[in-house]
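Protein chains in written order, with my numbering: chain A, 8 to 122; chain B, 19 to 132.
Glycine is no exception: its CB is placed at the ideal position from the N, C-alpha and C atoms.
The model shown is predicted, which means the values in this text are computed figures rather than measured ones.
Reviewing the structure listed below.
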Amino acid sequence: DGGITQSPKYLFRKEGQNVTLSCEQNLNHDAMYWYRQDPGQGLRLIYYSQIVNDFQKGDIAEGYSVSREKKESFPLTVTSAQKNPTAFYLCASRPHSGRTNQPQHFGDGTRLSIL
Amino acid sequence: DQQVKQNSPSLSVQEGRISILNCDYTNSMFDYFLWYKKYPAEGPTFLISISSIKDKNEDGRFTVFLNKSAKHLSLHIVPSQPGDSAVYFCAATSSDNAGNMLTFGGGTRLMVKP
């Protein structure tokens with residue numbers, strides 16, 4: 008059954024630590040995205056990748072890093088430089104990069120909390 | 019500068035009636051619009067989309083209307099069901115946006131009362 012898997016569902020981090028959120032998809036999608044959602048707000052783009060070994064900053068990339076070594080995987084690292092990391096993080100993917108009329112599909116998210 | 023706005027944070031509707039969710043945008047380059055539905059602690063689920071070459075798109079109980087001159091779109095759900103209770107996000111993108119980056123509104127919480 009194809010889909011986007013984000014793990015873990017809940018994650019706790021001590022201040023000053025880096026933490027990596029996993030995102031895996033078996034949909035053979037080219038493009039992948041990371042968003043952040045804060046309470047009562049919409050989704051804001053952190054990073055995106057259209058092909059393997061290439062990624063671009065979104066609107067709020069500061070304090071985050073990503074890699075795209077495999078088509079299926081797009082992990083997000085929340086570094087200690089991110090001043091307010093507590094949020095709900097959503098990963099998405101899309102079938103064909105460059106074609107507009109294809110919706111993004113989302114995983115079920117990871118909620119990150121600071122201890 | 020919010021390019022996509024959903025001015026109603028919440029909406030309450032009786033079961034069986036019509037739900038109308040609204041969305042306004044400011045960027046005239048947007049030419050593809052989407053609606054997503056989100057339950058708590060889950061990812062958004064794609065509902066319906068519309069291209070700027072159309073003014074209406076229908077899928078079962080869901081219809082999206084686009085008014086390009088007013089830069090306004092709306093999602094109609096009829097008849098509304100209790101299972102429709104969720105947060106609805108509208109999103110927009112442009113065809114010259116090679117990364118298909120979506121710009122989201124802040125969401126509207128729909129509550130359908132039995």
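Any C-beta of chain B sitting closer than 8 Å to the C-beta of residue i?
| i | result |
| --- | --- |
| Asn108(A) | yes |
| Leu83(A) | no |
| Gly65(A) | yes |
So, does the CB of residue i fall closer than 8 Å to a CB anywhere in chain A?
| i | result |
| --- | --- |
| Asn25(B) | no |
| Ser67(B) | yes |
| Gly101(B) | no |
| Phe83(B) | no |
| Gly78(B) | no |
| Phe51(B) | no |
| Gly124(B) | yes |
For residue i, tell me which candidate among the options has the shortest Cα-Cα distance.
| i | options | result |
| --- | --- | --- |
| His94(B) | Phe83(B), Ser87(B), Gly101(B), Pro100(B) | Phe83(B) |
| Cys108(B) | Arg79(B), Thr63(B), Ala59(B) | Thr63(B) |
| Leu128(B) | Arg35(B), Ala110(B), Gln20(B) | Arg35(B) |
| Val96(B) | Tyr50(B), Met47(B), Ser37(B), Thr126(B) | Ser37(B) |
| Met47(B) | Asp77(B), Asn118(B), Ser103(B) | Asn118(B) |
| Ser29(A) | Leu122(A), Thr117(A), Ile121(A) | Thr117(A) |
| Asp133(B) | Phe80(B), Phe122(B), Asp19(B), Asp114(B) | A query on residue 133(B) cannot be resolved here, the shown segment of chain B reaching from 19 to 132 and no further. |
| Ile58(A) | Gln24(A), Gly114(A), Asn35(A), Tyr17(A) | Asn35(A) |
| Arg75(A) | Tyr54(A), Asn60(A), Arg51(A), Leu122(A) | Asn60(A) |
| Glu79(A) | Gln89(A), Gln111(A), Asp37(A), Asn108(A) | Asp37(A) |
| Pro102(A) | Tyr96(A), Ala94(A), Phe95(A), Gln111(A) | Gln111(A) |
| Thr111(B) | Asp49(B), Ser28(B), Asn40(B), Val31(B) | Asp49(B) |
| Lys31(A) | Gly23(A), Pro82(A), Tyr96(A) | Reading off the sequence shown, one finds Glu at residue 31(A), where the question assumed Lys. Per the Cα distances, Pro82(A). |
| Ile121(A) | Gly10(A), Leu18(A), Thr12(A) | Leu18(A) |
| Pro15(A) | Gln21(B), Val31(B), Glu60(B) | Glu60(B) |
| Gly78(B) | Ser98(B), Ile71(B), His90(B), Gly123(B) | Ser98(B) |
| Gln89(A) | Cys98(A), Ser100(A), Lys77(A), Gly70(A) | Gly70(A) |
| Ser70(B) | Thr121(B), Tyr106(B), Ser113(B), Leu120(B) | Ser113(B) |
| Val26(A) | Ile67(A), Thr12(A), Gln44(A), Thr86(A) | Thr86(A) |
Since residue i meets chain A, which of its residues come closer than 8 Å, beta carbon to beta carbon?
| i | result |
| --- | --- |
| Met47(B) | In chain order: nothing, as chain A lies at least about 12 Å away. |
Could you list which residues in chain B have their beta carbon closer than 9 Å to that of residue i, in chain order?
| i | result |
| --- | --- |
| Tyr55(A) | Gly117, Asn118, Met119 |
Name the chain B residues whose beta carbon is nearer than 7 Å to that of residue i?
| i | result |
| --- | --- |
| Asp115(A) | Glu60, Gly61 |
Please list, in chain order, the chain B residues whose beta carbon lies closer than 8 Å to that of residue i.
| i | result |
| --- | --- |
| Arg75(A) | Near Arg75(A) there are no residues of chain B at all, since even the closest Cβ is about 13 Å away, more than 8 Å. |
Check the Cβ-Cβ distances between residue i and every residue of chain E, and say whether any is below 8 Å.
| i | result |
| --- | --- |
| Asp115(A) | The chain labelled as chain E is not found among the protein chains of the depicted structure, namely A and B. |
**Item:** Against chain B: residues of the segment 22 to 52 of chain A by CB proximity under 9 Å
**Value:** Answer set for the segment 22 to 52 of chain A: Ala38, Tyr40, Tyr42, Gln44, Gly47, Gln48, Gly49, Leu50, Arg51, Leu52.
**Request:** Within the segment 14 to 73 of chain A, note down every full beta strand (DSSP E) run reaching 3 residues or more, in order along the chain.
**Result:** Fully contained in the segment 14 to 73 of chain A are the following beta strand (DSSP E) runs of length 3 or more, in chain order: 17 to 20, 26 to 32, 38 to 44, 50 to 58, 61 to 64, 71 to 73.
**Prompt:** In chain order, what residues of the segment 85 to 101 of chain A put their CB closer than 9 Å to some CB of chain B?
**Reply:** Across the segment 85 to 101 of chain A, CB contacts with chain B closer than 9 Å involve Phe95, Leu97, Cys98, Ala99, Arg101, in sequence order along the chain.
**Request:** Taking only runs that begin and end inside the segment 40 to 64 of chain B, name each unbroken beta strand (DSSP E) of 3 or more residues, in chain order.
**Result:** Counting only runs of 3 or more, we get 50 to 56.
**Request:** Enumerate, from N- to C-terminal direction, the unbroken beta strand (DSSP E) stretches of 3 or more residues contained entirely within the segment 74 to 116 of chain A.
**Result:** For the segment 74 to 116 of chain A, whole beta strand (DSSP E) runs of length 3 or above, ordered along the chain, are 83 to 85, 94 to 101.
**Request:** Would you mind listing the beta strand (DSSP E) stretches within the segment 78 to 117 of chain B that are 3+ residues and don't spill past its ends, in chain order?
**Result:** Here the runs fully enclosed are 80 to 85, 90 to 95, 104 to 111.
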